[in-house]
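Positions -35 to -1, 1 to 735 (mature numbering (1 follows the signal peptide of the UniProt record, and there is no 0)) are the ones given, in order, by the sequence shown.
Each residue gets a CB set at the ideal place from its N, CA and C atoms; glycine is no exception.
Below: one structure, written as structure tokens.
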Amino acid sequence: MNILVRQSIGRAVRLNGSALAIAAATLTFASAAYAQEAAAEAPDSAIDAPAAAGGSQVASYSQGGAIVVTATRREASTQDLPLAITAVDGEAVDDAAAYSFESFARLNPSVQVNNRGVGDNQIVLRGISSAGKPTVGLYYDEAIITGLGLDGGSDNQPNIQLHDVERVEVLKGPQGTIFGASSMSGTVRVIANKPNLYEFRGGATGSGALVEDGNGLLRGEAFLDAPIVSGAAGVRAVVWGNSGGGYIDRIGDRPAEDVNDSDVWGGRAIFLAEPTDAVTLTFTALHQETGADGSQYFEFDQGAYNATSPTVETFDDNIDLYSAVADVDVGVGTLTATSSYFERDMLQRRDSTPTAIRFGIPVDLAYVEGQELTNWTSEVRFSSDFAGPFQLLLGGFYGEQRVDESTAALVADEDTGLPPCIDARECRALGFGAADINSGYGSVDTDQYAVFGEANLEIIPGLTGTVGARYYKADIREQTIQTQGLRFPTSPVQTEEVLTLDTDESEDKVSYNFALAWEATTATTFYGRVASGFRPGGANNAAAAADQGITVPAQYEADELWNYEIGAKSWLLDRLLYVELALYHIDWSNQQISVTDPGGTFVYISNAGKTEVNGVELQINAQPAKGLSTSFGVTYTDSTLAEDMPSTAEVAGLDGDTLPYSPKWAFAGQLGYEGEISSTVEGYVSTDFNYRGESATSFNDSDPNYAELDDYFLLNGQVGVRFDNHADVSLFVDNILDTVPQIGLRISGDGYRVYTTRPRTIGLRASFDF
């Protein structure tokens, strides 16, 4: 939501707004067909067990039919793990072209993504959704890339494209003992394809599509996998890009069509070396740039795909990731050392003219917000491989995070719709200080320390117990500087900066994990699990609020939850049917929530008492006949306040109210068939669909920003042919029913803004490999 004054959670800005001029250069590239070749070699009965199988193909990375994952920091079949986990392999991602997290969510009903544009996602697991820091940890291989929201309603999780991935692991329920803070409701891990040290390979894919009443969309990817020293060293590189696809029209005084065209381009290189049989070294470098040209939402009262913003609303997002991993086999286990550096620079302009008018400021007002996040982390751990019933994981973690942020409400040029500068300091340096209506900047420095351990004991044959814990400590320093208090355009410009927030505090917590797994047969596993998770607290900018006559709490506290679940995983019908079932109850205390003052101009974080969540997750994968595969998952989530919110809260949440953005029902499925046309040609047809139930933006309609989100159903399909397992041509249709879902909302004094998916999109995709 756009505001003239807001709290700083300590963030952002080395502003870098130039980036994305060369995105179109990558658009002839695309996805490798290597996964298709591997899948063709899989036995007919193999099924991507807990994965959502995309298209008509089944999993190729399997162990007894169940995907092998490293979610517990050691290789294990998903069927054997005492937790709810979904692993979607890279082939399924490619088949569904699910390269963004928003599109990935349609493969798995347990993953909810509240989207506010190309680079702004809130990932929700098990109905644990609120403001403050993220509730879902996000990892790229060993690197932490968890977001830190640009405003109170969104995690702002980075949307690194899911090209050339081996799999995506979704760990449901608290994962704090292994993955730390902000994994309180789960963790999502993206596992990239690693180099092949023996075989030179490459491939490319390109697609073009027509968007109903919108601009064309181009997408591409290419990869190259090359041994450097056979069996000892190799490199794998991939580039990706997409461009266009706009469908939002700006109406009013400065009309324009399809203003939300976006460009994404990026690349990744991984170097893998095995200098000895006992040592593996992996180095990764990744870069991605994202840009959007205009409003990525439509205004509810203007009809679908229409926005009236008098200012130009752009978004730029640059990501760099570097990581190094060393694995050493020490005989009784593996010693792993990791280090990663993640940097993200964002700059976005949002229209705040309605708020300016409400304050009696008759100008076109752009709210410009920038953020720079840097995160350096290191971890050392030992994972045992003892010859006996006892196994052990021990580790230590250290991280340094800095977040710099600037915010500025600036008068935009009436002709261009753009402000003359991006923050107070630049405005003054260029002689445009009078354009600054309200501005500030701030920072947060966080040093994190943790030690963790987990022990597994096979108590009797087939029955294994797990006990784990993690101790976390953080030192946090936060500052906010006001560079311009709220002023009218004719009022004097502030000449001196004012320190409005300066805190220095420490926080520590312990997370726990207890689990029991019973392998009743080789085909069936039952488990029970009790685990805890938490998010650190933080500071609100109470001084800045007080400057506007608004009283807010100076601090918000950490929140934590306990998750209790039981589940079963089983092969049936001679391993033609795989079923996973989980039932869980969550007690969530001191929930962090986003609160907007009654005037709609100031957002801050508060705590909301207690919440209870009860849920069921069911996943069914089947291959009823040769060439025919199907997957279906359904979730039921009942997340409600367990008591009235504190009387100090601005939003009157009451006992029994449903949590914001928490639909009760969701389901997703895929159905595919492939068959031989000739000895060298295969044909295939597939569809995927997903449903999200209705939800709301707040606890109840006593909140002036309360609105209901309708339920929606999305349907996609494709038909194609594959030539000798090395080339593929397909016709695809996304959003076949031309649905207009409310994927995300931003409600404030600036209006009711709806973020949706593209209208019906019809395209042609071609790929080859060698």
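Coil, strand or helix - residue i by DSSP
{"i": "Val78", "result": "strand"}
{"i": "Ala169", "result": "strand"}
{"i": "Arg323", "result": "helix"}
{"i": "Ala202", "result": "strand"}
{"i": "Arg393", "result": "helix"}
{"i": "Leu593", "result": "strand"}
{"i": "residue 736", "result": "This structure leaves residue 736 out entirely; the chain is present only between -35 and 735."}
{"i": "Val560", "result": "strand"}
{"i": "Ser456", "result": "coil"}
{"i": "Phe307", "result": "strand"}
{"i": "Thr623", "result": "strand"}
{"i": "Pro724", "result": "coil"}
{"i": "Asp715", "result": "coil"}
{"i": "Gln44", "result": "helix"}
{"i": "Leu729", "result": "strand"}
{"i": "Leu538", "result": "coil"}
{"i": "Val646", "result": "strand"}
{"i": "Phe479", "result": "strand"}
{"i": "Gln267", "result": "helix"}
{"i": "Val133", "result": "strand"}
{"i": "Arg71", "result": "helix"}
{"i": "Thr276", "result": "coil"}
{"i": "Val194", "result": "strand"}
{"i": "Val295", "result": "coil"}
C-alpha distance - residue i paired with residue j, whole-angstrom precision
{"i": "Ala5", "j": "Ser651", "result": "At Ala5, the pLDDT of 33 sits below 50, so the modelled position is not reliable; the number obtained from the coordinates is stated separately. C-alpha separation (whole angstroms): 16 Å."}
{"i": "Leu729", "j": "Ala511", "result": "56 Å"}
{"i": "Phe69", "j": "Trp483", "result": "32 Å"}
{"i": "residue 760", "j": "Tyr287", "result": "Since the displayed the chain opens at -35 and closes at 735, residue 760 lies outside it and no answer follows."}
{"i": "Thr43", "j": "Glu134", "result": "10 Å"}
{"i": "Phe248", "j": "Leu237", "result": "7 Å"}
{"i": "Pro74", "j": "Asp45", "result": "22 Å"}
{"i": "Ala533", "j": "Ala488", "result": "11 Å"}
{"i": "Asp329", "j": "Gly335", "result": "20 Å"}
{"i": "Ser713", "j": "Asn681", "result": "33 Å"}
{"i": "Leu90", "j": "Arg393", "result": "44 Å"}
{"i": "residue 755", "j": "Gly199", "result": "The chain is shown from -35 up to 735; residue 755 falls before or after that span and cannot be answered."}
{"i": "Gly181", "j": "Tyr212", "result": "10 Å"}
{"i": "Asp9", "j": "Ser147", "result": "With a pLDDT of only 34 at Asp9, under 50, the local geometry of the prediction cannot be trusted, and the value read off the model is given with reservation. Roughly 40 Å separates the two Cα atoms."}
{"i": "Val83", "j": "Arg71", "result": "16 Å"}
{"i": "Asn271", "j": "Glu177", "result": "14 Å"}
{"i": "Thr320", "j": "Pro669", "result": "15 Å"}
{"i": "Gln87", "j": "Ile93", "result": "11 Å"}
Integer-rounded CB distance, given that residue j should sit under 8 Å from residue i
{"i": "Gly141", "j": "Ser476", "result": "3 Å"}
{"i": "Phe567", "j": "Val599", "result": "Not a contact, Cβ separation roughly 40 Å."}
{"i": "Leu466", "j": "Asn506", "result": "5 Å"}
{"i": "Tyr104", "j": "Thr152", "result": "7 Å"}
{"i": "Val33", "j": "Ala41", "result": "7 Å"}
{"i": "Leu696", "j": "Val705", "result": "Contact doesn't hold; Cβ gap of about 24 Å is too wide."}
{"i": "Lys629", "j": "Tyr601", "result": "6 Å"}
{"i": "Gln459", "j": "Ala509", "result": "No, Gln459 and Ala509 are not in contact; Cβ-Cβ is about 13 Å, not under 8 Å."}
{"i": "Ala243", "j": "Asp294", "result": "4 Å"}
Chain-order list of residues whose beta-carbon lies under 7 Å from that of residue i (same chain, five-residue window excluded)
{"i": "Glu673", "result": "Glu659 and Ala661"}
{"i": "Pro354", "result": "Leu422 and Glu423"}
{"i": "Arg81", "result": "Ser119, Gly709, Arg711 and Tyr720"}
{"i": "Tyr529", "result": "Val495, Tyr549 and His550"}
{"i": "Glu107", "result": "Ser288, Val290, Thr303 and Ser305"}
Cβ-based neighbour list, residue i, same chain, cut-off 6 Å, excluding 5 preceding and 5 following
{"i": "Pro361", "result": "Residue identity differs from the one stated: residue 361 is Gly in this sequence, not Pro. If we look at Gly361 and ignore the five residues flanking it on each side, its Cβ neighbours are Val345 and Val416."}
{"i": "Leu542", "result": "Ala587"}
{"i": "Ala480", "result": "Pro47, Thr431 and Arg494"}
{"i": "Leu606", "result": "Thr576, Gly618, Asp620 and Asp622"}
{"i": "Val299", "result": "Before going further, note that residue 299 is Thr rather than Val in the sequence given. The answer, listed in chain order, is Asp292 and Ser348."}
{"i": "Ser304", "result": "Ala289 and Ser343"}
{"i": "Ala250", "result": "Ala234 and Tyr287"}
{"i": "Trp341", "result": "Tyr306 and Glu365"}
Short CB-CB distance (under 8 Å) between residue i and chain D
{"i": "Asp214", "result": "Included in the structure is just one protein chain, with no chain D present."}
Residues near residue i in its chain [Cβ-Cβ closer than 8 Å; skip 5 each side]
{"i": "Gln640", "result": "This sequence places Gly at residue 640; Gln is not what is there. Result list for Gly640: Gly592, Glu647, Gly648 and Tyr649, in chain order."}
> Which runs of the beta strand (DSSP E), 3 residues or longer, sit entirely within the segment 204 to 256?
Replying inline: With a minimum length of 3 residues, the continuous beta strand (DSSP E) runs that stay inside the segment 204 to 256 are 227 to 241.
>> Restricting to runs no shorter than 3 residues, where is the beta strand (DSSP E) found entirely within the segment 654 to 712?
In response: At a cut-off of 3 residues, the continuous stretches assigned as beta strand (DSSP E) that sit fully inside the segment 654 to 712 are 677 to 688 and 692 to 699.
>> Please give me, in chain order, every unbroken run of the beta strand (DSSP E) with length at least 3 that falls completely inside the segment 135 to 187.
In response: Counting only runs of 3 or more residues that sit fully inside the segment 135 to 187, the beta strand (DSSP E) segments are 151 to 157 and 166 to 176, in chain order.
>> So within the segment 356 to 403, which uninterrupted alpha helix (DSSP H) runs reach at least 4 residues, ignoring any that extend past its ends?
In response: Within the segment 356 to 403, the complete alpha helix (DSSP H) runs of at least 4 residues are 389 to 394.
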